[in-house]
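Undergrad: One structure, as structure tokens, below. Some questions next.
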Amino acid sequence: MATLTVWRFDTPEGAELASKTLLDLAREEVITVHDAATVSWEGGKKSPRTHQLNNLTGAGALGGAFWGLLFGLTFFVPLLGAAVGAATGALSGSLADVGIDDAFINRTRDQVTPGTSALFVITSDAVMDKVQAAFDGQEPSDLLFTNLSKEQEDALREVFAEHD
0 MATLTVWRFD TPEGAELASK TLLDLAREEV ITVHDAATVS WEGGKKSPRT HQLNNLTGAG
60 ALGGAFWGLL FGLTFFVPLL GAAVGAATGA LSGSLADVGI DDAFINRTRD QVTPGTSALF
120 VITSDAVMDK VQAAFDGQEP SDLLFTNLSK EQEDALREVF AEHD
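For the record, in the sequence shown the residue sitting at position 75 is 74 according to numbering that gives the first Met the number 0, with numbers rising by one throughout.
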């Protein structure tokens with residue numbers, strides 16, 4: 000079963016540093032990284048900068064459509080106001096069908112604020128003690144996560160599959 004995890008860091012560059020550690024662990028086969036993206040929010044900026052880790056292009060990658068929808072609903076739609084917000088109900092509902100509910104989105108929105116960053120990653124097969132040891136000194140200030148069942152993972156892939 001894959002897990003969607005969001006690690007929050009107290010600095011705008013924390014998620015980028017953590018993503019490098021995570022990719023090193025994947026190369027060492029300590030964890031399987033299916034897809035990942037970072038959000039970095041500089042202090043004083045109105046919105047965060049997002050970045051998909053593009054080197055994850057295997058069969059497990061969900062692609063830009065997934066991250067765009069998730070980040071749009073989480074960080075950008077609230078800035079656009081109620082009129083646009085009402086139109087996003089169906090999109091939000093489709094994420095709930097695959098295990099990402101309003102509580103997850105709201106908690107992430109509340110926790111990832113100016114001056115912070117977050118690493119969003121879909122993983123499986125982690126050797127937890129080795130992962131924890133690798134992140135000593137980079138400790139995220141908060142860990143948000145939702146477990147995706149196999150059915151939810153398959154539904155997510157089907158909804159957001161990128162066609163070449």
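Cβ atoms here follow ideal geometry from the backbone N, Cα and C, with glycine treated the same way.
Report all residues from its chain with a CB closer than 8 Å to the CB of T31; omit the five preceding and five following residues, and keep chain order.
TA: As a first step, residue 31 must be located in the sequence shown, where it is residue number 32. Closer than 8 Å at the Cβ level, and outside the excluded window around T31, lie A25, G59, T122, S123, D124 and A125.
Undergrad: What does the alpha-carbon distance come out to for the pair D109 and F8?
TA: Reading the sequence shown from its first residue, position 110 is the one you call residue 109. Reading the sequence shown from its first residue, position 9 is the one you call residue 8. D109 and F8: Cα-Cα distance of roughly 13 Å.
Undergrad: Measure the CB-CB distance between P47 and V111 and report whether it falls below 8 Å.
TA: Your numbering for residue 47 matches position 48 in the sequence shown. Your numbering for residue 111 matches position 112 in the sequence shown. Yes, the Cβ-Cβ distance between P47 and V111 is below 8 Å.
Undergrad: Which term fits V83, buried or exposed, when burial requires 16 or more other beta carbons within 10 angstroms of its beta carbon?
TA: What you label residue 83 is simply residue 84 of the sequence shown in a count that begins at 1. With a pLDDT of 45 at V83, under the threshold of 50, the modelled position of this residue cannot be trusted; read the value that follows with caution. Under this definition V83 is an exposed residue.
Undergrad: Would you kindly report the start and end of the unbroken alpha helix (DSSP H) that includes L24?
TA: On the sequence shown, residue 24 is found 25 positions in, with the first residue counted as 1. Counting along the chain, the alpha helix (DSSP H) containing L24 begins and ends at G13 to R26.
Undergrad: Out of curiosity, what's the CA-to-CA distance linking L16 and L52?
TA: In the sequence shown, the residue the question calls residue 16 occupies position 17. In the sequence shown, the residue the question calls residue 52 occupies position 53. If you take the alpha carbons of L16 and L52, they lie about 13 Å apart.
Undergrad: Under 7 Å Cβ to Cβ from T73, same chain only, skipping five residues before and after it: list those, please.
TA: Walking along the sequence shown from the start, residue 73 turns up at place 74. Same-chain partners within the cutoff: I104, T107 and R108.
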